[in-house]
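For reference, the structure discussed in these notes is given below.
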Amino acid sequence: MNSFPRKNNFDHIRLFLALGVFLFHVGELTGIEDFHLLTNGTISAAVAVHSFFIVSGFLIFMSYDRSSSLKHYLMKRLRRIAPGYIAVILLSFLFLSLLSTLPLQDYFFSHESAGFLFANLTTLNFLHPTLPGVFETHRYTAVNGALWTIKVEVAFYLAIPLIAYFYRWIKPEKILAVIFVFSALYYFAMGYLYEQGHDPLFAILQRQLPAQMMFFSGGALLYYMLERFRRHSTALLLVAISVYILQNLVNTDLLYPLYALSLSVIVIYLAVIFPYLGHIARYGDLSYGIYIWHFPTVQTFISLHLFDTHPMLALLGLTSIVLLLAWLSWHLIEKPFLGKRSHYIKENEESK
1 MNSFPRKNNF DHIRLFLALG VFLFHVGELT GIEDFHLLTN GTISAAVAVH
51 SFFIVSGFLI FMSYDRSSSL KHYLMKRLRR IAPGYIAVIL LSFLFLSLLS
101 TLPLQDYFFS HESAGFLFAN LTTLNFLHPT LPGVFETHRY TAVNGALWTI
151 KVEVAFYLAI PLIAYFYRWI KPEKILAVIF VFSALYYFAM GYLYEQGHDP
201 LFAILQRQLP AQMMFFSGGA LLYYMLERFR RHSTALLLVA ISVYILQNLV
251 NTDLLYPLYA LSLSVIVIYL AVIFPYLGHI ARYGDLSYGI YIWHFPTVQT
301 FISLHLFDTH PMLALLGLTS IVLLLAWLSW HLIEKPFLGK RSHYIKENEE
351 SK
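If you read the sequence shown in my numbering, its first letter stands for residue 1, the second for the next number, and so on.
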């Protein structure tokens, strides 16, 4: 298998992307003019999420290849994603009762609360994104709108063993190339169906796993072709940047697959070719915590009117709290479930 550099920038990239999604949501959820720069294209939540999928495509295929069995692989993924995910849902449900307009008994025993818990714990967040009496006057009433990507990630994790099953007959690169093409066709088909009748269902379906496989397979392709990518990385990077700029200028869905490929090249170049940015993993993986905890925290700040008088000061306080929550989530919830061979456990031990 490819010689993967032990010193790489994946941790830095994920932290940067998580902070980008956080700041975008601050601007989007508050609608405050002071935060206009956060939503006017300076920060793109879509690009950040797509980049996360690319990183997952690269790293999770590598994780599967390095797993001793299917059970080992699935347990690694479960231990990494489930504890923090379950905690943010249950703790949000518990503490947001204090902000609900309903009496506590009505809140805890309502059908709406049961629906929220069921839908979110099964990663079907879109079925019931709200809690009764909570955030009802906000621009967006969802408790945690960032969690929609988790079901896409989980579906991808489950698809990998099926994809890998065909390796015995077909090279990984060919399988992933076919998946990329079918993903693009699915994306175009859902877009076409949406344009015909403007049924929001097709807009939702266009965001789900089949379409997002363009990004997962883009990252995975570069994992399996890493040595060839290294040899031509500079030329590929220049082409990718040019295509990315062109797609943004033209802004047409026809170039969307090229956008996915170009973004894949840029992200993986920064992760494994660009000079090493330092030993950040010693502090743990705060990116996941930032991603899952920031949305309800922003909504809570809005509910408490903390942005009303000094929005920039509130943003500073909000950022500090989100980072603290991510740190606590890592040390108290996520890290205890990881095995001793985890990348973050190893890095932390070696830094002592």
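Even for Gly, the Cβ is constructed at its ideal location relative to N, Cα and C.
Leaving out five residues before and five after V134 in sequence, what residues of the same chain have Cβ atoms less than 7 Å from its Cβ?
L96, L99, S100 and V143
Mapping the DSSP letters down to three states, classify M75 as helix, strand or coil.
helix
Give me, in chain order, the residues of the same chain whose beta-carbon lies closer than 6 Å to that of G289; leave out the 5 immediate sequence neighbours on both sides.
A326, S329 and W330
C-beta contact flag for V55 and V298 at 8 Å:
No, the Cβ-Cβ distance between V55 and V298 is not below 8 Å.
Around the C-beta of K174, are 16 or more other C-beta atoms found within 10 angstroms, so that it is buried, or is it exposed?
Under this definition K174 is an exposed residue.
Return the residue from the list P161, I32 and P83 that minimises the CA-CA distance to D308.
I32
Within the continuous alpha helix (DSSP H) that includes I160, where are the two ends?
In the DSSP assignment, I160 falls within the unbroken alpha helix (DSSP H) covering W148 to Y165.
Is the beta carbon of A240 less than 8 Å from the beta carbon of I266?
yes
Applying the criterion that 16 or more other CB atoms from any shown protein chain within 10 Å of the CB defines a buried residue, is A211 buried or exposed?
buried
So the alpha helix (DSSP H) Y187 belongs to, where does it begin and stop?
P172 to G197
Assess, as a yes-or-no matter, whether the region 11-23 is touched by the region 246-255 under the definition of 3 or more beta carbon pairs within less than 8 Å.
no
Starting from the Cα of P296, find the closest Cα among L324, S92, D106 and L323 and give me that residue.
S92
Cα-Cα, which of Y223, F301, I204 and K335 is closest to A281?
K335
What does the alpha-carbon distance come out to for the pair S303 and F116?
19 Å
Close beta carbons around F61, own chain, < 7 Å, minus the five adjacent residues each side
Taken in chain order, the residues that qualify are I160, A220 and Y223.
Please determine if the region 2-12 and the region 260-280 are in contact, where contact requires at least 3 C-beta pairs separated by less than 8 Å.
Counting Cβ pairs under 8 Å, three or more are found: they touch.
Cβ-based burial, N125 [other Cβ within 10 Å; buried from 16]:
Residue environment for N125: buried (at least 16 other C-beta atoms within 10 angstroms of its C-beta).
Which first and last residues belong to the alpha helix (DSSP H) in which N248 is found?
For N248, the uninterrupted alpha helix (DSSP H) segment begins and ends at S233 to V250.
Cβ-Cβ distance between L209 and V250 below 8 Å
no
In its own chain, which residues sit with a C-beta less than 7 Å from the C-beta of L277, not counting the 5 before and 5 after it?
N9 and H12
Roughly how many whole angstroms lie between the Cα atoms of L237 and L263?
A straight-line Cα-Cα distance of about 10 Å links L237 and L263.
Give the list of continuous alpha helix (DSSP H) stretches no shorter than 4 residues that lie fully inside the region 45-97.
The qualifying runs are 45-66 and 70-95.
If you reduce the DSSP assignment to three classes, tell me which class F202 lands in.
Helix, per DSSP.
Quick check on DSSP: helix, strand or coil for M213?
If DSSP states are grouped into helix, strand and coil, M213 belongs with the helices.
Going by other Cβ atoms of all chains shown within 10 Å of its Cβ, with 16 needed for buried, is Q206 buried or exposed?
buried
Considering Cα atoms alone, identify which of A260, S233, F229 and H232 is closest to Y244.
Nearest C-alpha to Y244: A260.
P311 and F35 closer than 8 Å at C-beta
Contact flag set, yes.
Hey, could you find the ends of the alpha helix (DSSP H) E28 is sitting in?
F10 to T30
Bounding residues of the alpha helix (DSSP H) (the contiguous stretch that carries V322)
For V322, the uninterrupted alpha helix (DSSP H) run begins and ends at P311 to L328, by DSSP.
Going by DSSP in three states, N120 sits in which element: helix, strand or coil?
helix
Which residue from L29, P103 and T39 puts its Cα closest to that of T141?
L29
Closest to Y192 by CA distance: which of T149, A203 and F182 is it?
A203
So the candidates are I321, A314, Y291 and I333; which of them puts its Cα closest to the Cα of L15?
Y291
Selected residue, minimal CA-CA separation from L286, among H72, L332 and L313
L332
Integer-rounded CB distance, given that M225 should sit under 8 Å from I179
Their Cβ separation, rounded to whole angstroms, is 14 Å, which puts I179 and M225 out of contact at 8 Å.
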